[in-house]
Ligand code: HEM
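Residue numbers (the numbering used here), protein chains in the order written: chain A, 1 to 522; chain B, 1 to 332.
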């Protein structure tokens, strides 16, 4: 068959279309006009290390996708208004029939009871939010404990901490939207926190609420920040985060064939893209599972917020827990001087402390440099045990936050374990200081032990052979080592040739692939 | 090339599994969420309260609780006097008041003929702590004071016995706990009759006409008056120094109305500030909506709110997803 012959049979048509078929054609069309191929190559050849801890950031990415999709659905039904209205008498939930509520609250319960899949979307949105912030935290912990934030990746660490702050902020704003008793209590506390800021406090509060609390515009304002400004900022920063990642390439754990000058892993196409897609569905599935089976924030049971009402046992979502916990354990220290009040019992836990926490988080790469004087480039990760001081500090820091987080449920703990609330409170005050102070040295020594003991791990114990002598004495002798049990030096395993070959080729050709494992030069 | 195909195949399986999972879950979710069915389907007609059989009723919208029943002298008596305005009184053949109230709540006195039985039960079960004359025991020889029971009114006696608080298991406890009652309702009635015969007092034992209740008013009043201690979902919570507001998920309508009118332990007495209609509405809301919460969104987690939710998000949500990444990724 010649190339000029008109293709007739199916097979001929297929052959005429070339090895990449119609896809190839489309790509060609785009490439000729937009220069697609070059960018596409970079994208498809991006190497992703295969270690599982590198997937944690993706949980954050995909739960954010879930938040966007379900959030857009919610905006179709949610009415961000504090105008009062009467719940219709045929509303399915009887205790609210004929009640006077705000349009924001009504639209939320209406969405939960009357809109098909509305409740599923609400619950998925809220669970995805809880998972989103949690995944950011574990992702951050991975980056912290392995030293992935070191030069040259300090900027991306800053972007990451900013993302965490934005996520927490947006979670709080979203939680406030339904205008129910619990969220109203949250806004009330936020107002008190603003008021506690020295000098400018009352101005800040007046600015946010357009007058005194609760006012009638705060839901509208929170809404637009929640659905537009913060998600927009998050999207932009996620873009920057991933852009920096592609530009600077991934870090990797040290190992065979891995150097400061290469990255070993799977290429975006055709391996990682499928892996990550599967992971997307897993995250989606987890959010759907929780949204379908576990109730979250049943606002109809709480009712409309009125400033005179208050419920006991109101906690914020988990990611605000450490702030609530510190508010609870803080002694009531208040200073009244020269006609001014400084309510330190609010200012310290809710303004000064989070300021310290997030400033330390932001500045960590430079704080660490002060100690290590290390100005080198790092692409190979640390094993946490090899940097015992950093690991110990991180554990102590997390331990403090964990105690404060637990302290946000003092009442629930006291009720559950039938102990006095006062006892739990005082216990938490003590633990705030004791646990981090103990956690640091304990972690430090565990790290040191692991460093030394690693080579012995996994070895079988040698049996003792007990022998009775003629005099009747018993003697225990260690048995002869079985093959492989002795303290023999391992042979130096040579680096697999294909990796070395490739690493050499890489210098010349940028990238080469084989067997799903790829190596890219930095 | 072979390895690559193998890798691809594994990932393809995982993608497939994930897809199937997501699809299955969404399908599972649909029945929950296809517009929830009306929660309280039955519309209940209004009903009127009538006097117990064999008594004569006197309806008098102007008439209050007989002054003879309200003592002004002792603190406990005034505490228990705050039953509302009664438009119905029921008298037995001897002309004795056996019940009073209105269309919302009828407060009944236990039959005085039960008093002898009640005395026997009292001496067996209560006298060791509260004294043989029900006038209390001062903390001279025991660990704590045992309150006088005279003049507390039948509702108080009935509440403490039917909720199982009395006879107390451990008198040194900060707060007598609700437990399986040792005495049955009939015996409780008899003891109440006996104690009341020593010094008659109100309130009588309330029987609440929950059928006519307005749940919406109940919700609003509950949020305003009760949520601060019992939490908005009625789950209860710890108060200061080992005391606690108990869960409201098991109390009967009579017990709720009693609690409101008598204020057990550290709970305030809601007497003057709530009318009988309002007590009825709160009672209905507590026993119908709080005790059987409308958990249309899945597992309700006992109304524990963000504490339970946070636990699930951290343990199940992110925990499982970390395991998944552990599964999908390499472990070296
Ligand atoms: C940064 C990511 C986001 C987080 C952390 C977040 C978090 C939350 C939370 C915790 C709630 C309370 C839900 C409830 O229990 O009722 C909420 C409500 C809401 N969110 Fe988001 N959200 C995010 C992004 C979005 C986006 C992108 C949109 C829309 C474009 C959106 C729209 C809404 C709406 C309309 C509500 C109120 C409806 C309701 O409460 O049922 N959210 N959000």
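All C-beta atoms, glycine included, are put in the ideal place defined by N, C-alpha and C.
With a cut-off of 8 Å on Cβ pairs, the segment 119-132 of chain B is in contact with the segment 146-154 of chain B, counting three or more such pairs. Per DSSP, the beta bridge partners of residue 90 of chain B are B:57, B:99. Taking 8 Å as the cut-off, the Cβ atoms of residue 92 of chain A and residue 113 of chain A count as close.
The C-beta of residue 264 of chain B comes no closer than 8 Å to any C-beta of chain A. Taking the Cβ atoms as the reference, residue 147 of chain A lies roughly 11 Å from residue 379 of chain A, outside the contact range of under 8 Å. If you draw a straight line from the Cα of residue 292 of chain B to the Cα of residue 285 of chain B, it comes to about 10 Å. The C-alpha of residue 393 of chain A lies about 27 Å from the C-alpha of residue 345 of chain A. Residues of chain A with a Cβ closer than 8 Å to the Cβ of residue 320 of chain B are, in chain order, 286.
By a beta-carbon distance limit of 8 Å, residue 384 of chain A contacts residue 145 of chain A. Their separation comes to about 4 Å. Residue ranges of uninterrupted beta strand (DSSP E) with 3 or more members, entirely inside the segment 79-126 of chain A and ordered along the chain, are 84-86, 100-102.
Bounds of the beta strand (DSSP E) holding residue 336 of chain A are 335-337.
Any Cβ of chain B closer than 8 Å to the Cβ of residue 147 of chain A would place that residue at the interface, and such an atom is absent.
For residue 342 of chain A against residue 335 of chain A, the beta-carbon gap comes to about 4 Å, under 8 Å, which counts as contact. Using beta-carbon distances, residue 93 of chain B does not count as an interface residue toward chain A, since no partner is under 8 Å. One alpha carbon belongs to residue 184 of chain A, the other to residue 307 of chain A, and they sit about 8 Å apart. With a threshold of 16 other beta carbon atoms within 10 Å, residue 364 of chain A meets it and is buried. Per DSSP, reduced to three states, the secondary structure at residue 426 of chain A is helical. Going by beta carbons, residue 123 of chain A and residue 104 of chain A fall outside the 8 Å limit.
Under the three-state reduction of DSSP, residue 294 of chain A is assigned to strand.
In summary, the residues of the segment 264-292 of chain A whose CB is separated from some CB of chain B by less than 7 Å are 270, 271, 274, 275, 277, 278, 279, 281, 282, 283, 284, 285, 286, 288, 289, 290, 291, 292, in the order they occur in the chain. In this structure, residue 159 of chain B places its C-beta atom within 8 Å of the C-beta atom of residue 262 of chain B. The Cβ of residue 253 of chain B sits no closer than 8 Å to any Cβ of chain A. In this structure, residue 327 of chain A lies away from residue 313 of chain A, with their beta-carbon atoms at least 8 Å apart. One Cα belongs to residue 438 of chain A, the other to residue 396 of chain A, and the distance between them is close to 8 Å. Contact check between the segment 189-198 of chain A and the segment 400-414 of chain A: fewer than three CB pairs, one atom from each, fall below 8 Å, which does not count as touching. With a cutoff of 8 Å on beta-carbon distance, residue 317 of chain B and residue 50 of chain A are scored as not near each other. Within 8 Å of the CB of residue 51 of chain A, the CB atoms of chain B belong to 329, 330, 331, 332, in sequence order along the chain.
Of the candidates A:38, A:96, A:292, A:96 places its Cα closest to the Cα of residue 299 of chain A. Proximity of chain B to residue 451 of chain A at the Cβ level (cut-off 7 Å) is not reached, the minimal Cβ distance being about 17 Å. The C-beta of residue 33 of chain A has fewer than 16 other C-beta atoms within 10 Å across all chains shown, which makes the residue exposed.
The bridge partners DSSP lists for residue 105 of chain B are B:208.
In this structure, A:107 is the residue among A:107, A:229, A:406, A:444 with its C-alpha nearest to the C-alpha of residue 84 of chain A. Per the coordinates, the alpha-carbon of residue 134 of chain B lies some 7 Å from the alpha-carbon of residue 195 of chain B. Collapsing the DSSP output to three states places residue 376 of chain A in coil. At a cut-off of 8 Å between beta carbons, residue 364 of chain A makes no contact with chain B.
Under the three-state reduction of DSSP, residue 261 of chain B is assigned to helix.
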